[in-house]
Amino acid sequence: FGSVHGLTLGFGSTLIGETVDYAIYYLIQARQAGAGAVAGTGWQRWREVHWPTVRLGLLTSVCGFAALVFSGFPGLAQLGVFSIAGLVSAALATRYVLPMLAPDGATGMGMRRHMALVAGMLVRGLPRLRWPLAALGVAALGLVLWQGGHLWRADLGAMSPVPKSAQQLDEMLRNDIGASDGGVLVVAYGNDEQAALRNTEAAAARLDALVDKGELVGYEAVTRVLPSVAAQSARLASLPDGDTLRSNLTEATQGLPLPASRLGPFLADVEAARKLAPVQRADLAGGPLGSVVNTLMYQRPGGGWSTLVVLHPGTKFDQGRLETALAGLPEVQVVDVGRELAGLYQRYLHEAFVQVLLGALAVVVLLGIYLRSWRRLLAVCQPLVFAVMLTLGGMAVMQAALGILHLVGLLLIVAVGSNYALFFDQLRTTGRADEDTLASLMLANLTTVVSFGLIAISDIPALSSIGRVVAPGALLALLLSAAFARHVAPPKARG
203 FGSVHGLTLG
213 FGSTLIGETV
223 DYAIYYLIQA
233 RQAGAGAVAG
243 TGWQRWREVH
253 WPTVRLGLLT
263 SVCGFAALVF
273 SGFPGLAQLG
283 VFSIAGLVSA
293 ALATRYVLPM
303 LAPDGATGMG
313 MRRHMALVAG
323 MLVRGLPRLR
333 WPLAALGVAA
343 LGLVLWQGGH
353 LWRADLGAMS
363 PVPKSAQQLD
373 EMLRNDIGAS
383 DGGVLVVAYG
393 NDEQAALRNT
403 EAAAARLDAL
413 VDKGELVGYE
423 AVTRVLPSVA
433 AQSARLASLP
443 DGDTLRSNLT
453 EATQGLPLPA
463 SRLGPFLADV
473 EAARKLAPVQ
483 RADLAGGPLG
493 SVVNTLMYQR
503 PGGGWSTLVV
513 LHPGTKFDQG
523 RLETALAGLP
533 EVQVVDVGRE
543 LAGLYQRYLH
553 EAFVQVLLGA
563 LAVVVLLGIY
573 LRSWRRLLAV
583 CQPLVFAVML
593 TLGGMAVMQA
603 ALGILHLVGL
613 LLIVAVGSNY
623 ALFFDQLRTT
633 GRADEDTLAS
643 LMLANLTTVV
653 SFGLIAISDI
663 PALSSIGRVV
673 APGALLALLL
683 SAAFARHVAP
693 PKARG
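Count along the sequence shown starting at 1, add 202, and that's the number in our numbering.
If you want it as structure tokens, here you go:
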């Protein structure tokens, strides 16, 4: 990629909430207990019993995020690569490094039994709420479908790494000094530099009329620093010769305290200016004015040149009247930057939708191949689907504007929740929920919810968008996995 987006680093920090789950699973589940326990062999039992489930959960997460890698939006592609690299690294460290550091996991009990006790109560009680929760999920789905595209109305501001307070301060300062917010620009085109400058001067002449009417406070054009050669030549030609200027000054200064004889240096400067060559763009390179020119003038990739005219709108500004004023100048265009960015964002959002759906399909196919049972596949996918639906329904009730980062958050819910659903599928096949497995699920979920909950209250829109989706979604994924688990006996203590 050549560089790393700040958004990628911010999202990467949130992955700690999921990657730490692997270590939690190992440290708790590898514990050796009971009369027949052999010290130093806990990792072997964990590798045989629990590692296949963790590995499958990892593969489902990788399939989900792999869809983002092929996004045309570099930010999303980076998120996909970063997420996959982080998850794989954490899982491999758990599989190969932790067994050497702690062969029997975390031998201390701590609050493990208390967590297992609470988890056991949930395992016994939540299945009774299976149908009410399913009905609530269907209602949430209906609400989401009813709102349709209106729910996904967030703009690029939702992806900003700048805190809202700083954005509000920037807006206030711009209003106070009358600075442009870059919302509407005028762009002039030309086949070469001089053509672009001449077209800019033609547009500036009409913008001056809008300034006189109060519709514009002013504008910034490159031609104020670098006029076209034609304009410079006309100005040089308008300078009188030495004899004419001397005669005019003599007549103008008659009876004044300042005689014409004292203006000799001025006459010399005008004569020298008449002989100067027009200033070219290359003459300003390396100086402060060169930076101004490079900001407002650029060469187009397909050939030709363009200039930007930055507007300072007044209280009477109307984009329609601006377009009317510039009508008849075919090489001049009014660009609504906000509208163009909104259209671009919507295209990326649609692309992200397609990629996430493809990733979800890949996850389902992977689970189907591994589980080899439609009933087990449905049991694993059911809580994930309802967790996503309930999360979306909650966001719809709160009238939240959803965007690309919320979509990534939903993908993360599936990645985190698949681990819970697979462990409950494992418990369902054994018929009994052991204490350590439930305690590990409880602690892993707690770390995820707390970490994303803190992110949710962040003043940075990009982070809060992800946190507000993943924190409740991860909790729902665990509760729903327990609610839809069938024939799981209460936990049995292990020593």
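Even for Gly, the Cβ is constructed at its ideal location relative to N, Cα and C.
Here the structure is a predicted model, which means the values were calculated and not measured.
Residue span of the beta strand (DSSP E) that contains Q535, given as start and end = 534-538
Contact between the region 587-594 and the region 644-654 (3+ Cβ pairs under 8 angstroms) = no
Do the region 547-564 and the region 653-665 touch if we need at least three Cβ pairs shorter than 8 angstroms?
-> The region 547-564 is not in contact with the region 653-665.
Which same chain residues, not among the five before or five after Y550, have their C-beta less than 7 angstroms away from its C-beta?
-> The beta carbon of Y550 lies closer than 7 angstroms to those of F275, I606 in the same chain, with the five residues before and after it left out.
Compute the Euclidean distance between the alpha carbons of V539 and L513, then round it to the nearest angstrom.
-> Whole-angstrom Cα-Cα distance: 12 angstroms.
Cβ of Q396 within 8 angstroms of Cβ of V431?
-> Result yes, Cβ atoms of Q396 and V431 sit closer than 8 angstroms.
Give me the Cα-Cα distance between K518 and Y421, rounded to the nearest whole angstrom.
-> Roughly 15 angstroms between the two C-alpha positions.
Given L604 as reference, the closest of G282, I230, L573, F555 once Cα atoms are compared | F555
Going by C-alpha distance, which of E525, V424, G516 is nearest R483?
-> V424
Quick one: complete alpha helix (DSSP H) runs, 4+ long, within the region 567-641?
-> Here the runs fully enclosed are 576-599, 606-632.
Along the chain, where does the alpha helix (DSSP H) that runs through V427 open and close?
-> Looking at the DSSP string, V427 is not in any alpha helix (DSSP H), and its letter there is neither H nor E.
Short Cβ contact (8 angstroms threshold) for L568 with T262 = Yes. Within cutoff.
Determine the direct distance from the alpha carbon of V271 to that of Q370, and round the result to whole angstroms.
-> 34 angstroms
Starting from Y391, follow the beta strand (DSSP E) in both directions and report where the run begins and ends.
-> 386-392
Alpha carbon to alpha carbon, how far is T243 from A237? Give it in angstroms, no decimals.
-> With a pLDDT of only 44 at A237, under the threshold of 50, the placement of this residue in the model should not be trusted; the figure read from the coordinates follows. Distance between the alpha carbons of A237 and T243: 14 angstroms.
State the Cα-Cα distance for the pair L294 and Y224, rounded to the nearest angstrom.
-> 9 angstroms
Is there contact here, the region 390-404 with the region 461-475, by at least three beta-carbon pairs under 8 angstroms?
-> no
Figure out for me which residue from T446, A304, I668 has the closest Cα to the Cα of Q246.
-> A304
Measure the C-alpha to C-alpha separation of P254 and H316 and round it to an integer number of angstroms.
-> 27 angstroms
May I have a chain-ordered list of the beta strand (DSSP E) segments no shorter than 3 residues that lie completely inside the region 475-506?
-> 499-501
Using 8 angstroms as the threshold, is the region 333-343 in touch with the region 518-535, meaning 3 or more CB pairs across them?
-> no
Classify A411 as buried or exposed, calling it buried when 16 or more other Cβ atoms lie within 10 Å of its own Cβ.
-> exposed
Alpha carbon to alpha carbon, what distance is there between L300 and V652?
-> Cα to Cα, V652 sits roughly 24 angstroms from L300.
Hey, out of L680, S683, L353, R502, whose CA is closest to H608's CA?
-> The candidate whose alpha carbon is nearest that of H608 is L353.
Would you be able to state if there are at least three C-beta pairs under 8 angstroms between the region 674-685 and the region 614-632?
-> yes
Within 10 angstroms of its Cβ, does R670 collect 16 or more other Cβ (buried), or is it exposed?
-> R670 should be labelled buried.
Helix, strand or coil at H207 [DSSP, three-state] | Coil.
Have a look at the DSSP bridge pairing and note the partners of T509.
-> A390, M499
Bridge partner(s) assigned by DSSP for L261 | Paired residues: none, contrary to the question.
Length of the line joining the Cα atoms of A241 and G350 = 57 angstroms
Is V340 closer than 8 angstroms to A598 when the C-beta atoms are compared?
-> no
Separation of A602 from F625, as counted between CA atoms = 32 angstroms
Straight-line CA distance for T452 to A474?
-> 20 angstroms
Check P515 in the structure and name its three-state DSSP category.
-> strand
In chain order, which alpha helix (DSSP H) runs of at least 4 residues are fully inside the region 397-472?
-> The qualifying runs are 431-439, 444-454.
L229 versus P480, L612, R249, I218, residue with shortest Cα-Cα distance | R249
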